[in-house]
Structure formats: structure tokens, C-alpha cells
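Protein chains in written order, with the numbering used here: chain F, 1 to 327; chain L, 328 to 692; chain A, 693 to 1001. By construction, the Cβ of each residue, glycine as well, lies at the ideal position given by its N, Cα and C atoms. Source: prediction; values computed, not measured. Taking it in order: structure first as C-alpha cells, then the write-up.
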Amino acid sequence: MTVTRRNCLAGIAVGAVALTWLPGAAMADAFKMGLLVPGSVSEEGWNRIGYNALKGVEEQLGAEISYVELQQNPASFEKAFRDYASQGYSVILGHGFEFQDAALTVAEEFPDTVFLISSSYIHEGNVIGLNTDTSQPFYLMGYIAAKMGTKAGLVGGMEIPPIQQAFEGFKNGAKAVNPDFPVSEAYIGNFTDTTAAKEASLSMISQGADFLVPNASGATVGGYQAVAESGDKVKTFSIFSDFTEVAPNNILGLYVADYAQGVVRIVKGVQNGEIPASNVEFGLKDEDVMKFTFRDGASASVPDDVRQEVEAVKAKIAAGEIVTRNK
Amino acid sequence: MANIDEASTAVAPDPAPGRPTGFLFRTFEAIARPAAAVLVALLSGAVLLALNGFNGWNVFDVMLFGVFQDMRSVSEILLKAIPLILIGVGLCVAFRCSIWNIGAEGQLYAGAVAATVVGVAFEGLSSWIYVPLVMVAGAVAGAAWAGIAGLLKVYFKASEIVTTIMLNYIALISTSYLVTGPLKDAASAYPQSAKLLREAWMPRILPPTRLHIGILVAVALAIALYYFLFRSSAGYAVRVVGINPHAARYAGMNVGRNIMLSICISGAMAGLAGAFEIAGVTHRLYQNISPGYGFEGIAVALLANNNPIGAIFSGGLFAVLRSGSELMQITAQVPQVLVSIIQGMVILSVVAFGVYRFRSTARPQ
Amino acid sequence: MDDIVSLGFLATTLGATWRLATPLIFASIGEVFSERAGVLNIGLEGVMIVGAFAGFAAVVSTGSLPLGFAAAMLAGMAVGLVFALFTITIKADQIVVGAAINLLGLGLTAFLFRTYFVSTGRGVEVARPIDIPGLSDLPFFGEALFRQNLVVYSTLVLVLVAVLVLYRTSFGLTLRAVGEHPKTVDVAGRSVAAYRYGAVLIGTGLAGIGGAFLTLAHSNQFVEGITSGRGFIALAVVVFARWSPLGAFVVSLLFGLFYALQLQLQAQPALNIPYQALQMLPYVMTIVALVMVRKGVTPTMLGVPYNKA
Chain F
1 MTVTRRNCLA
11 GIAVGAVALT
21 WLPGAAMADA
31 FKMGLLVPGS
41 VSEEGWNRIG
51 YNALKGVEEQ
61 LGAEISYVEL
71 QQNPASFEKA
81 FRDYASQGYS
91 VILGHGFEFQ
101 DAALTVAEEF
111 PDTVFLISSS
121 YIHEGNVIGL
131 NTDTSQPFYL
141 MGYIAAKMGT
151 KAGLVGGMEI
161 PPIQQAFEGF
171 KNGAKAVNPD
181 FPVSEAYIGN
191 FTDTTAAKEA
201 SLSMISQGAD
211 FLVPNASGAT
221 VGGYQAVAES
231 GDKVKTFSIF
241 SDFTEVAPNN
251 ILGLYVADYA
261 QGVVRIVKGV
271 QNGEIPASNV
281 EFGLKDEDVM
291 KFTFRDGASA
301 SVPDDVRQEV
311 EAVKAKIAAG
321 EIVTRNK
Chain L
328 MANIDEASTA
338 VAPDPAPGRP
348 TGFLFRTFEA
358 IARPAAAVLV
368 ALLSGAVLLA
378 LNGFNGWNVF
388 DVMLFGVFQD
398 MRSVSEILLK
408 AIPLILIGVG
418 LCVAFRCSIW
428 NIGAEGQLYA
438 GAVAATVVGV
448 AFEGLSSWIY
458 VPLVMVAGAV
468 AGAAWAGIAG
478 LLKVYFKASE
488 IVTTIMLNYI
498 ALISTSYLVT
508 GPLKDAASAY
518 PQSAKLLREA
528 WMPRILPPTR
538 LHIGILVAVA
548 LAIALYYFLF
558 RSSAGYAVRV
568 VGINPHAARY
578 AGMNVGRNIM
588 LSICISGAMA
598 GLAGAFEIAG
608 VTHRLYQNIS
618 PGYGFEGIAV
628 ALLANNNPIG
638 AIFSGGLFAV
648 LRSGSELMQI
658 TAQVPQVLVS
668 IIQGMVILSV
678 VAFGVYRFRS
688 TARPQ
Chain A
693 MDDIVSLGFL
703 ATTLGATWRL
713 ATPLIFASIG
723 EVFSERAGVL
733 NIGLEGVMIV
743 GAFAGFAAVV
753 STGSLPLGFA
763 AAMLAGMAVG
773 LVFALFTITI
783 KADQIVVGAA
793 INLLGLGLTA
803 FLFRTYFVST
813 GRGVEVARPI
823 DIPGLSDLPF
833 FGEALFRQNL
843 VVYSTLVLVL
853 VAVLVLYRTS
863 FGLTLRAVGE
873 HPKTVDVAGR
883 SVAAYRYGAV
893 LIGTGLAGIG
903 GAFLTLAHSN
913 QFVEGITSGR
923 GFIALAVVVF
933 ARWSPLGAFV
943 VSLLFGLFYA
953 LQLQLQAQPA
963 LNIPYQALQM
973 LPYVMTIVAL
983 VMVRKGVTPT
993 MLGVPYNKA
């Protein structure tokens, strides 16, 4: 993402002023996209990913955008969908499986609006699920962990599909190298408590984990801090965002999800009248969406032979020859 | 402290001696002061926005007019008001007994879980039986969850402030376990329960809007509990125990029984709110079904000076603020958290304006 | 499974216990002062998050950790001043005002963070663990006790000072009297209100520092809602500790222990328990402990405004 957050916020402020000045009708012809996120877009995690996707559509396709944060408030989901749809928004992204039911209900009333649902496999008329198969990059991480480490630890936020899938992929990847490779998991039970994420990570490291990946949305950063403080022997991968500043000596590589590119692609299709005929699954095959890269700055980097193996595995996953999830 | 009947006239503030006491003046005062307090709260929200590069005027525009633009918007406000009113009204009873039940959030979850268990179980049951059954299940579960804290209070003198906070966490974590485990919908990959059977859904009263019978139930229960608290001898006992448990004991009242009664009523109301959210809105159970209604309900009750009729209005006000802040984010991308700031300011300005005297009900032990 | 009984496991658990307890120790000892003077502040969660945010903001703009903690304390006290103004001077119900403080604290910090700091992305430099020569390298005890940062160690000083002030100074004596027999204090010519203001400011100042521990001495960033309910737990700690500073210290550690244990035990794949059962552990144990420990007395005038009559 080239957008700095200061720009984003300045944009929001300017947009806010502009919106109140311009009569609604003048913008009737603009292509509009709305976003529903379950939490705060200020956190470095899941909700930001959805927000970045919306900004991507604004910048690359010139759409008029709007978003609403529905903090764990299912009573508001349906209303927000309906508000956007009735105001002429052509595409509405519900960022999370929990938006699926509400979208299905509202979609019947607005057959010309496209409802995209993140982390969902649905496809019913104009409601289309978009899933980023995080188990694929995590499979690669698990593979590397089993090659380079002796025990891995995974720290999750809550037990929800995007996180379960990721951890499933990690374990399968590790098993592919060594069926007995130990992997432990812990959930902190929320997405805000960085302190808990850090302590859970520290405890895994003290129990012998030398490869640790946190995956807890806003609280993720606590995990990287634990890794950074535990010395160079512990290795990790930066996920979703670039956390190399937090743990420069430990991060072997990055999995950056540019969900925005995937969403932009779909929305562009919608603009041209091409509505996806099935649910959409992004994976390692979509190199613009899933970027899995190695990094050399850490105290130990991934050896060349392992990198080659991983590249080969990655190609097989992209080609569908390796299944990373449990069926 | 001794003036028990002060509570029964709590809707209008008791005028200080020597001030005009005419009907018109009292009516004016009863309306003007809270209105002024709300305006001050909105004004501080507007100033905050203006200082941070937003259009501050927008607050008034949205909160006073925008949210009421059509029938649908109004119905959505009422929909949001249902849990707030129910919880607020229930807490009025507990707080009048000086039982600081901070656990309405957990009791709401208990009710939601029970409504889900019942709502997926009985195929072929008629709505006439199923709908009341779901409500009763929610209320009973909420009362039982609150009753744990009540029993610990009565038999072990365990502070209900502490136990209800702990029971909140336990209820939330249990719900997380249930939707990822035993109650998980077998047909989907998500941590959510199966959909409730259609006969268990709350009937809608204003199609095509989503407003359901919950609003009628909430208002009816508010009136009923007002009569209970201020017009029945059982309610009188609850209030006496709240003001002075020693005097109540001397007067032959069973303090423990009144504590149990009041905390269970507040729990039942919160549980019912949970049942309505499930059977009236989401139709399934998720890990997160409440944005903190249980905590907001505390403010709703206190703002109403622990008067159930007043809680209808304070609950409605909070629902307007919630809807308005969503609308402001959609139209002007104002951060949602503005709602907490305005709610907090409403409470403080109501206090500062002396709308109610908020005489502390806590007593020496 | 054998790791569970190993010394290494015990050592890391104890180390984590102390760290997780630190914010609770600050907030609960502060609240002991407040409640001993008769003021119940259920707005502790709001005060803590204001401290967490103010500390973070100060360090981002000045780069100095001591300034950050000072800012956190002052911000906490500023909120305390508002609380005191409403509850002591205006004599409004303490629970009403506390509820408002919680809403305002969570709302304002999230709003300001989003408006001014989201764009910074980077965290601040956190307080580093301090090695104590000779002790930090001890087997077992080194890891368990002597690899913490200054803020964690300072809890020992805090509890000591709190005990001395509350039980061995005339200020402490008067403060406790204010919570028990305010009339006597009044008759003796001392201002009940002034002591209550003082107690609230001590309480909120310490709660501010406790909040700042999260952003300045443990993780290095502010996240909306980062206190995650610790203010409410601190309230529970005070009651469970029967309004004693030493008790608050011990109970906070106990809470930290259950919290650390649940995180540690989850990481044991051999334990086939749903992780939620472990997550409940601290909360269930608090209830159990509360039922079992019932000695000590509630300050008589807790929550009751004082009227000079």
C-alpha cells in the first residue's frame, strides 16, 4: 500500500466536508462502494484490510466510497446494507462472514446491487463470497518452521474461520516436512489485548518454541514484540502487514495480503457488467493479492535450498496440486 | 435518606422550597432541563468534531433530524431501543434495592443462549406457543445467571459488583465455546449456531420494517415494573431494603428474599433482551451479539433516576444516539466512537444541570 | 506434559504473573485509597485507558519514557478531578459519574488516537528489562523474578509506600476516618472534601500509570480498548483484598497468576481441554476466592456523599 494513513485521514476529513456541501443528487452518477467492518479501522489488522480494499477501489477506479464500523452490533448489519443499497451504492462489501445473513435478506430487495462478503464461500444471486485462503501462505510458513526450527507456536485472537484456516495450513505444512513436528496453539479470546498476545507468545517461547506466528488482528503486534525480546534464535514471519520494524532480527519473510487488489479486480468487473459467476477464492495463484517474500535482514535467513523447495511447494499449491486445508 | 416516598415522584424533580410549584412550571422544568442537558452534550460533540476537522453542525443535523427521516429509520431506532429499555428497566429495580448488578451483559448472553437452545429444538411447534416459550427461556436463563450473584450475595456476602463482573466474562467465554462447539451449526464452517426455526422468530409489527413485538413487551414491562416498584407493597419492600436494610429487617422484611427478587428481575429483563436479539434480529447465535447493551443499560437506568417509565425515554435517547452515530459515519465518516463520548456527556450534563438529584442510594453497612 | 511440572515452566509463569499483575497493582492500590476515603470509582477502566493513551501520546511526541509516565499520571488525575468535582462537590451518585467516565474515557481516547496517531503506525520504545547483576542470572529465580523492567519492580516500592502512608501517617489515619466517620473528621476541623479529593487523585493518578504500563512498558502501542476490562478487574481486586493495599498487591498477583497459567496451559497440546475452559479460570477463581475469604470490613461510608449539616 502506498497510501500513508495520514493521507487517508486527510482524505476522510476533506471528503466529510465535501459531502456535506454537495447536494446528494449531483453525485448520483458516480460509482459508489460501501463497506461494513465489524470493528475499528484504526487497528493494524482485519478491519484495516477491509478499509484498504475500499481505499483501493477509490483510488484505482475513482469510486465514491463510504464505510461504517459496526462494533459487534448485529442489529445494525441489515440497516447498514439497506442504507447503502437504497442510496444507490452499486457494490457493498461486508467484511466478515457474520454479514452473510443480513446481506442475503437485503439482497432480495436490491437485485441490481452486488453484495460482497469477505471470508465467505457463499454464492446466491447477487451475494458473492470472497475468501482469501490464508491456509496457503501459512502452509509455507509451517513448512519453513519444520525445516528450520524445533517447535512452533501459534497465537490466535479468537477461534474464527480465517484464523482457524491459517493455523490448519501451518500445521499441514509442518507435517509435510516432519509428521511429528510439534506445534502448539493458544487463543487470547479477543483482538485488542496486546499484553495477552505478548505473554502468550513469551510462554510458548519459554516452552521451547523457536518459530512463532501471532495472528490476532489488532493485538498481533504483541506477539512480534515477544519474539523480538526473546533473542535471535526465535524466528517468525510478518503477516498481513509489514512488522519488520518491530522484530527486524527475527522476521524471515513477509506474507502481505493485498486484499485490495483482489477486491479492485472484482469491482472493476462489476463496473463492466461482469458479475462473478461463483464465489471467489484468492490464493497463492493470485500473485497480486498474496505476496509471499523472503527477507535477508534477519540474523538468520532462510537458506537457499529451503527457499527453492518452498518455491516449488508454492507453485504446486498455486496449481492446486497440494491441498493446504483439511477437507 | 428517610424519605422513601421521594422515589415515587421521581419523574419530576422535587422543587426546592420557595420555588414556583405550578403544574406548568413543573412540566417546563421536567422537559427543559433534560433537553438542555442533551443539547449541551450534542454541543460538546459538535465542538470536538469541529476541533478535529469535521463539520460540527452535522451532529445536530443528524441527531435531531437525520435519524428520523422516514418510518424505516424510526423503526430501526426502536429496534435498537428494545434491549436498552429492557435492561435499563430491569436495572432500575436492582439499583432501587441498592444491588449494583454490573452483569446485565452476561445475563443478556445467558438469555440469548437459552433462546437459541429452545429456538432450534422443537420442530412443528406453533408460533403461538413457540414465541412465548423463547421469551420465557431467555428470561429464566437471565434470572438464573443473575441469581448466582444473588445467592452469593445473600449467603456469602460476596459483593455483587465483583461477582457480576466475573459472571460477564464467564458468560461471554461460554458463548464462544458453545458456538464453536456444541451449538455450532453443523451445516456451516462458521462459529455460529443453526438458524432458529421460523416459528420461533419474533413476529414483526410494522412490515416491511424489522420492528418486532419486543418493543411492546419492553414498554409494557416498564409500566408493570413501575407499578411494582412504586405502587405495590412488594416493591415498597424492595426499596426499603435498598435504602436501609437494617430498618427493613426490624420491620420484619426478608432482606435476602428482596435482594434475590430484585437481582433476578433485572437478570430476567436482560435475558429477555438477549432472547429478543436472537429471535427478533439475528435469528442465530454468534460469539458477539451485543455491542455492550448490558453496560449501556446501566447508564440508561441511572439517567432515568432508576424510574422504569423514565428508562423508556433514556433507552430511546441512547438508541437515537447510536443510530445517529452510525449515520454520521456513513454520511460524513465521523468515527463511531463519537457515540460513547456523547453518551458520557449526556450523563454528566444531566448531573450538572441537576435534572435529578441523583441522591446516592448506597447506605452504610 | 512433563513441561508442566518443570521448573522452567514455573519460572516463566511467575515472571509473567508479575508482569500481568502490574497494571492491576497500580490501579487497585490507587482504588484502595479512594474507597478507604469513601469514594467508589467504577470509572477506573476509563481512567486507565486515558492513562494508556496519554502516556503513549507523550512518548510519541517527546520520546521520553519518564515524561510519558508523568503525562499518564497527570491525565489520570485530570479525569479524577472531573470525577471528584461531580461526586464530592456536586455530590452526584458515584456510580452514575463513574459510568460516564468509562464511556468518555473509551470514546475520547479512541477518537483522538484515530485523529492524530493512527498515521504514526510505529510504536514507542518500551521500558527495557533491567538486569540485576548477580540476581538475574540465578537459576530459576533469575527468570522468575529478576528480569523485569523498572515499572514492574516499582510495584514493590508502591505497596510499601501505600502501607506506610495509609497506616503510619496522620494523613492516612485521617483518610481512613473520612471513609468511616466523616463527621468526626469534620468536627476536628479538617475538610472531608479535601481528603476525598486527595484520595481520588491518588487513585486516578495510579490508575493512569497502570494504564500506561500497557502502552509504555509491555506492548509498545496504543490499541482502541487496550485495557480490555482491567479497570473492572481492579475493582474486583479491591473488594477481594478487603480494602488493604498489601491485600491488593497479593490479590493482583493471584489474578496475574491465573491469567498467566491459562495462557501457559493453552500452549500445552497434550491437555485436551477447550481453551475457553482455561480462559475462564481467572474469573471463576475470583468468585471462589471471594466466597472463601470474608474477613475485613467495608469502609462504612463507601459511596455515600458527605453533607455538612
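Exercise. At what residue ranges does the region 187-239 of chain F contain a whole run of the alpha helix (DSSP H), taking only runs of 4 or more?
Worked result: Qualifying alpha helix (DSSP H) stretches, in chain order: 194-206, 220-229.
Problem set entry | Where Phe950/A falls, given that 16 or more other Cβ within 10 Å makes a residue buried | As a working mapping, residue 950/A is identified with position 258 in the third sequence. In summary, Phe950/A is buried, with 16 or more beta-carbon neighbours lying within 10 Å of its beta-carbon over all protein chains present.
Exercise. Hey, which unbroken runs of the alpha helix (DSSP H) at 4 residues or more fall wholly within the region 718-779 of chain A?
Worked result: When DSSP assignments are scanned along the region 718-779 of chain A, the uninterrupted stretches of alpha helix (DSSP H) that are 4 or more residues long and fall wholly within it turn out to be 736-754, 757-776.
For this session: Look at the alpha carbon of Val774/A and the alpha carbon of Val980/A, and state the distance between them as a whole number of angstroms.
Result: Residue mapping note: residue 774/A aligns to position 82 of the third sequence, counting from 1. Residue mapping note: residue 980/A aligns to position 288 of the third sequence, counting from 1. Taking the CA atoms as reference points, Val774/A sits about 36 angstroms from Val980/A.
Exercise. For Ser241/F, which residues from the same chain have a beta carbon less than 6 angstroms from its beta carbon, with the 5 sequence-adjacent residues on both sides left out?
Worked result: In the first sequence, the residue the question calls residue 241/F occupies position 241. Non-local beta-carbon contacts of Ser241/F in its own chain, meaning distances under 6 angstroms to residues more than five positions away in sequence, involve Glu44 in chain order.
Problem set entry | Span of the alpha helix (DSSP H), counted from its first residue to its last, around Val444/L | Mapped onto the second sequence, residue 444/L falls at position 117. Residue range 431-446 is occupied by the alpha helix (DSSP H) that includes Val444/L.
Exercise. At which residue ranges does the region 577-632 of chain L contain complete alpha helix (DSSP H) runs of 4 or more residues, listed in the order of the chain?
Worked result: You should have 582-603, 620-630.
Exercise. So, is Arg860/A buried or exposed, given that buried needs 16 or more other C-beta atoms within 10 angstroms?
Worked result: As a working mapping, residue 860/A is identified with position 168 in the third sequence. When all chains shown are included, Arg860/A counts as exposed.
Exercise. Does any C-beta atom of chain F lie closer than 8 angstroms to the C-beta of Val673/L?
Worked result: Translated into the one-based positions of the second sequence, residue 673/L becomes position 346. Using beta-carbon distances, Val673/L does not count as an interface residue toward chain F, since no partner is under 8 angstroms.
Problem set entry | Delimiting residues of the alpha helix (DSSP H) encompassing Leu795/A | Indexing the third sequence from 1 puts residue 795/A at position 103. Start and end: 786-804.
Exercise. Taking only beta-carbon atoms, is Ala784/A less than 8 angstroms away from chain L?
Worked result: As a working mapping, residue 784/A is identified with position 92 in the third sequence. Yes, Ala784/A lies at the interface with chain L (some Cβ there is under 8 angstroms from its Cβ).
For this session: Check the C-beta distance from Ala578/L over to Val565/L and give it rounded, since I have them as a contact under 8 angstroms.
Result: In the second sequence, the residue the question calls residue 578/L occupies position 251. In the second sequence, the residue the question calls residue 565/L occupies position 238. Not quite, the Cβ-Cβ distance comes to about 13 angstroms (not below 8 angstroms), so this is no contact.
Problem set entry | Option in Phe170/F, Leu252/F, Pro248/F with minimal Cα separation from Ala155/F | Locating residue 155/F in the first sequence gives position 155, counting from the first residue. In the sequence as displayed, the identity of residue 155/F is Val instead of Ala. Nearest C-alpha to Val155/F: Phe170/F.
Problem set entry | Within 8 angstroms of chain L by C-beta, residues of the region 69-94 of chain F in sequence order | Those would be Glu69, Leu70, Gln71, Gln72, Asn73, Pro74, Ala75, Ser76, Glu78, Lys79, Ala80, Arg82, Asp83, Tyr84, in chain order.
Exercise. Rounded C-beta distance between Gly94/F and Ala103/F? I'm assuming under 8 angstroms.
Worked result: Position 94 of the first sequence, counted from the first residue, corresponds to residue 94/F. Position 103 of the first sequence, counted from the first residue, corresponds to residue 103/F. Cβ-Cβ separation between Gly94/F and Ala103/F: approximately 5 angstroms, consistent with a contact (criterion under 8 angstroms).
Problem set entry | Thr132/F in three-state terms, based on DSSP | Residue 132/F sits at position 132 when you count from the first residue of the first sequence. Three-state DSSP puts Thr132/F in a strand.
Exercise. When burial is assigned at 16 or more other CB atoms within 10 Å of the CB, is Tyr80/F buried or exposed?
Worked result: On the first sequence, position 80 is the one that residue 80/F refers to. For the sequence presented, residue 80/F should be read as Ala rather than Tyr. Sixteen is the threshold: when 16 or more other Cβ atoms of the shown chains lie within 10 Å of the Cβ of Ala80/F, as they do, the residue is buried.
Problem set entry | Identified DSSP bridge partners for Gly417/L | Position 90 of the second sequence, counted from the first residue, corresponds to residue 417/L. None; Gly417/L has no bridge partner.
Exercise. Touching or not, the region 598-611 of chain L and the region 476-487 of chain L, by the rule of three or more beta carbon pairs under 8 angstroms?
Worked result: The region 598-611 of chain L vs the region 476-487 of chain L: no contact.
For this session: Taking only beta carbons into account, state which residues of the region 724-744 of chain A come closer than 9 angstroms to chain F, listed in chain order.
Result: Result list empty, no residue passes.
Exercise. What does Ala257/F pair with, by DSSP beta-bridge criteria?
Worked result: What you label residue 257/F is simply residue 257 of the first sequence in a count that begins at 1. When DSSP reads this structure, Ala257/F sits in a beta bridge with Met290/F.
Exercise. Roughly how many angstroms lie between the CA atoms of Val844/A and Arg711/A, to the nearest whole one?
Worked result: Position 152 of the third sequence, counted from the first residue, corresponds to residue 844/A. Position 19 of the third sequence, counted from the first residue, corresponds to residue 711/A. Cα-Cα distance, rounded: 6 angstroms.
For this session: Mind reading off the beta-carbon distance from Leu908/A to Val751/A? Whole number of angstroms is fine, and I expect it under 8 angstroms.
Result: Start at 1 with the first residue of the third sequence, and residue 908/A comes out as number 216. Start at 1 with the first residue of the third sequence, and residue 751/A comes out as number 59. Confirmed, about 6 angstroms.
Problem set entry | Test item: CB-CB of Val183/F and Ala174/F under 8 angstroms | Within the first sequence, residue 183/F is the residue found at index 183, counting from 1. Within the first sequence, residue 174/F is the residue found at index 174, counting from 1. In this structure, Ala174/F lies closer than 8 angstroms to Val183/F by Cβ.
For this session: For Ile532/L, name the three-state secondary structure that DSSP assigns.
Result: Locating residue 532/L in the second sequence gives position 205, where the first residue counts as 1. The DSSP-derived three-state label of Ile532/L is coil.
Exercise. For Val492/L, which residues of its own chain have a beta-carbon under 8 angstroms away from its beta-carbon, when the five flanking residues on both sides are left out?
Worked result: Counting from 1 along the second sequence, the entry for residue 492/L is found at position 165. The sequence given here has Ile at residue 492/L, not Val. In chain order, Ile429, Gly430 place their CB closer than 8 angstroms to the CB of Ile492/L, counting only its own chain and leaving out the 5 sequence neighbours on each side.
For this session: Determine the chain L residues that contact Pro161/F at a beta-carbon separation under 7 angstroms, and present them in chain order.
Result: Counting from 1 along the first sequence, the entry for residue 161/F is found at position 161. Going along chain L in sequence order, the residues near Pro161/F (Cβ under 7 angstroms) are Ala516, Tyr517.
For this session: Spatial neighbours of Ile404/L within its chain, please: CB distance less than 7 angstroms, with the 5 preceding and 5 following residues excluded, ordered by chain position.
Result: Taking the first residue of the second sequence as 1, we reach residue 404/L at position 77. Counting only residues of its own chain and dropping the five nearest sequence neighbours on each side, Ile404/L has a CB closer than 7 angstroms to the CB of Val394, Ala646, Val647, Ser650.
Problem set entry | As assigned by DSSP and simplified to three states, the class of Lys484/L | Your numbering for residue 484/L matches position 157 in the second sequence. When DSSP states are grouped into helix, strand and coil, Lys484/L belongs to the coil group.
For this session: Could you name the residues of the same chain whose beta carbon sits closer than 7 angstroms to that of Ile540/L, not counting the 5 residues immediately before and after it, in chain order?
Result: Residue 540/L sits at position 213 when you count from the first residue of the second sequence. Cβ within range, chain order: Met529, Pro530, Ile532.
Problem set entry | Unbroken alpha helix (DSSP H) run spanning Ser560/L, endpoints | Taking the first residue of the second sequence as position 1, residue 560/L is located at position 233. Annotation for Ser560/L: the continuous alpha helix (DSSP H) segment containing it runs 560-570.
Exercise. Where are the alpha helix (DSSP H) runs, 4 residues long or more, that stay fully inside the region 833-884 of chain A, in chain order?
Worked result: Given a length threshold of 4 residues, each whole run of the alpha helix (DSSP H) inside the region 833-884 of chain A is given here in chain order: 833-837, 842-860, 862-872, 874-879.
Exercise. Taking the Cβ atom as the reference point for each residue, do Val582/L and Leu982/A lie within a distance shorter than 8 angstroms?
Worked result: Within the second sequence, the letter at position 255 stands for residue 582/L. Within the third sequence, the letter at position 290 stands for residue 982/A. Cβ atoms of Val582/L and Leu982/A: not closer than 8 angstroms.
Exercise. What is the rounded straight-line gap between the Cα of Gly881/A and the Cα of Phe387/L?
Worked result: For the purposes of this step, residue 881/A is identified with residue 189 of the third sequence, where counting begins at 1. For the purposes of this step, residue 387/L is identified with residue 60 of the second sequence, where counting begins at 1. Going by the C-alpha atoms only, they are around 49 angstroms apart.
Exercise. How long is the line joining the alpha carbons of Gly129/F and Tyr51/F, rounded to whole angstroms?
Worked result: Your numbering for residue 129/F matches position 129 in the first sequence. Your numbering for residue 51/F matches position 51 in the first sequence. If you take the alpha carbons of Gly129/F and Tyr51/F, they lie about 17 angstroms apart.
Problem set entry | One or two residues paired with Tyr67/F in a DSSP bridge | Numbered from 1 along the first sequence, position 67 holds the residue referred to as residue 67/F. Tyr67/F is bridged by DSSP to Leu35/F.
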